[in-house]
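In full-length UniProt numbering, the protein residues as written are 1 to 190.
Heads up: the structure comes next, in structure tokens.
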């Protein structure tokens, strides 16, 4: 949650992050103790000249669908990337210091960007299929997060569709979902 708040603070400062990934989202055990690192691909939003960075920036498996299609990057793409980071963690993480050695999602690293965009669209477009997928693919450690990822899917992809307009309220909706997930996990762990 602190990561989304940090991202929103960057946006308020007119800085677009553009590289939400598992390696750039740092979490600690303390409550609200997360932060983003590596601003190499970040840009000033109101800059006058192109940055010189390629139009598609970020770690491919965590990139938003629209970014994979080559759309001009905006904060909504970054918020969608938070969704893909959590999805990735939930299919790979098997507890402290353990992860699955191989999953079918590892191939996402090697897919052409257009094909990966289509694959991701197919993952989120139908609620029933999405639910079936996460129930089957999430690790046992992450199954308690299924309601959270389902709620995030609905927030980030309303009606199973990609967003069409920028919506600053998505920050608060995502933070609210994540806060409820933390509270739920806190009560189930104790």
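In this text, a Cβ means the ideal position worked out from N, Cα and C, and glycines have one as well.
Since the model is a prediction, treat every value here as computed from it, not as a measurement.
For residue i versus residue j, is the C-beta distance shorter than 9 Å?
i           : j           : result
residue 97  : residue 141 : no
residue 138 : residue 91  : yes
residue 38  : residue 19  : yes
residue 154 : residue 75  : no
residue 68  : residue 113 : yes
residue 121 : residue 162 : yes
Rounded to whole angstroms, what's the CA-CA distance from residue i to residue j? Just pull it up for me.
i           : j           : result
residue 150 : residue 131 : 7 Å
residue 179 : residue 71  : 30 Å
residue 87  : residue 135 : 12 Å
residue 116 : residue 13  : 31 Å
residue 59  : residue 184 : 30 Å
residue 158 : residue 100 : 30 Å
residue 63  : residue 73  : 10 Å
residue 146 : residue 93  : 14 Å
residue 25  : residue 107 : 22 Å
residue 104 : residue 79  : 24 Å
residue 148 : residue 8   : 20 Å
residue 44  : residue 119 : 31 Å
residue 110 : residue 40  : 23 Å
Could you give the C-beta distance for residue i and residue j, rounded to a whole number, given that I count them as a contact under 8 Å?
i           : j          : result
residue 152 : residue 83 : 5 Å
residue 85  : residue 22 : 6 Å
residue 65  : residue 42 : Not confirmed; about 21 Å, so no contact.
residue 6   : residue 36 : 5 Å
Legend entry - the region 121-135 touching the region 167-179, judged by at least three CB pairs closer than 8 Å: No, the region 121-135 does not touch the region 167-179.
Legend entry - Completely contained alpha helix (DSSP H) runs for the region 80-153, where each covers 4 or more residues: Qualifying alpha helix (DSSP H) stretches, in chain order: 113-124, 127-137.
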